[in-house]
Every structure is written in structure tokens, then in C-alpha cells.
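Trainee: Position one of the sequence shown corresponds to residue 310 (my numbering), numbered consecutively onward.
All C-beta atoms in this analysis are idealised placements derived from N, C-alpha and C, irrespective of residue type, glycine included.
Since the structure is predicted, the reported quantities are computational estimates derived from the model, not experimental observations.
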Amino acid sequence: MDADYQNYDLQDEDPYLIPGSSCLVNSLGITDTSRLNQAEADISAVAYAQLIAFPITPSFDLAHLCAIHAALFGNVYPWAGELRRTEIGKGGKLFLPYSMVETIAHEIFRDLHDEGLLRTLEAKAFAERAAYYLGRINLVHAFREGNGRTQRILIDQLARTVWLCF
């Protein structure tokens, strides 16, 4: 599971929290953060395995990233698959301002497509470029929660598409 969402540095009123609590708004009716953490981990683990076995048709763009997030967390969060609408950071460093998420994400995916989805690269070069794109996508931090798992599925799917293995 990604680091606890309580550990995010929030820059304004968080519209994703249940009012008066530190628990994320969820579709399960859970108001206790520990219980939500466990339920999210259990539900998203099953969804993760399903996405590995039966991947979303890849387009390697922002819509694809959002579809992965929705598939992973749609049974937990009503906002799954939607771009975040608040500023967040970790360790005193902000992620990309939410007003720029869509624009910069489109640029990143355009760059990935301009590189031919890394199809012509040897394994080591592919790994280096895939890590580069993973880092860029992580800096965007498109969602309020669940970014790491969503990004790992996307990069895993990219590797499987390019290398037709695993």
C-alpha cells in the first residue's frame, strides 16, 4: 500500500476527507482510518491481480492511467479514476500543482509515444527509460491516493506490451 494518506502534506482543506476526520471519503461507509487502510489493501490487492491477468486495453495516455486507477480503487473510493483537486506533498516537498496535472501528464505520455513506447530499446535501456517515465509520472501524482500502485501497473503493462513476456 502507498504510504498512509495521513502522511501527505496537505496545503489546503482536503475535500477527500470525511468532514471532521482524517479518514478518506469512501464507498464502504468506513470512518476509521485503520479499518479503511485494511479494506483498501484487501480490495485493491484483488483488483491488482485481476489487472495483471486481464489488463485494460493499453493506450498509454492519461485516460489509460485513470482507467487503471478506477479499476484498482473503484470499489473503495467514489473518486477513483478522477484527477486530484487538491495540493499534496510529502516530506515538505509538493507534488505538481493540481491545476497542472492534466497538462503535464499529457506531455509525459506524448513524450512516451514520441519514443515509440520504448519498443526499439534493449532491455537495459528500456529499464532506464521506463524508470525515467515512472519518475515523471510519480511527480505528477495524479490522484489523491493510490498513485504508486497505479503507476506500477502502467509500467508493468508497458513492459509486457513491449517485451511480450513475464
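Where do the ends of the alpha helix (DSSP H) carrying G457 lie?
Mentor: 456–472 is the extent of the alpha helix (DSSP H) around G457.
Trainee: Short check: CB of T429 to CB of L381, under 9 Å?
Mentor: no
Trainee: What ranges does the alpha helix (DSSP H) occupy inside the segment 316–385, keeping only unbroken runs of at least 4 residues that lie completely in it?
Mentor: 342–362, 371–382
Trainee: Taking the continuous alpha helix (DSSP H) assigned at G444, which residues delimit it?
Mentor: 432–449
Trainee: Answer with buried or exposed for Q347, where buried requires no fewer than 16 other C-beta atoms within 10 angstroms of its C-beta.
Mentor: exposed
Trainee: Would you tell me roughly how many angstroms separate the C-alpha atoms of R393 and A432, rounded to the nearest one?
Mentor: 34 Å
Trainee: Skipping 5 residues on each side, what residues in its chain have a beta carbon closer than 8 Å to that of L426?
Mentor: F369, L467, T470, V471
Trainee: Report yes if the C-beta distance between R445 and I417 is below 9 Å; otherwise report no.
Mentor: yes
Trainee: Am I right that I365 and I377 are in contact with their C-beta atoms under 8 Å? What's the rounded C-beta distance?
Mentor: About 6 Å separates the CB atoms of I365 and I377; that is less than 8 Å, so the two are in contact.
Trainee: If Y407 and E396 are in contact, beta carbons under 8 Å, what's the gap, nearest whole angstrom?
Mentor: 6 Å
Trainee: When burial is assigned at 16 or more other CB atoms within 10 Å of the CB, is S336 buried or exposed?
Mentor: exposed
Trainee: Within 10 Å of its beta-carbon, does H450 have 16 or more other beta-carbons around it, so buried, or fewer, so exposed?
Mentor: buried
Trainee: Starting from F418, follow the alpha helix (DSSP H) in both directions and report where the run begins and ends.
Mentor: 410–423
Trainee: Just to check my reading of the structure: L345 and I352 have Cβ atoms closer than 8 Å, yes? What is that Cβ distance to the nearest angstrom?
Mentor: With a Cβ gap of about 10 Å, L345 and I352 do not count as contacting.
Trainee: Suppose the cutoff is 8 Å on Cβ atoms and the five residues either side in sequence are ignored; what does the same chain contact list for V355 look like?
Mentor: Nothing meets the Cβ criterion.
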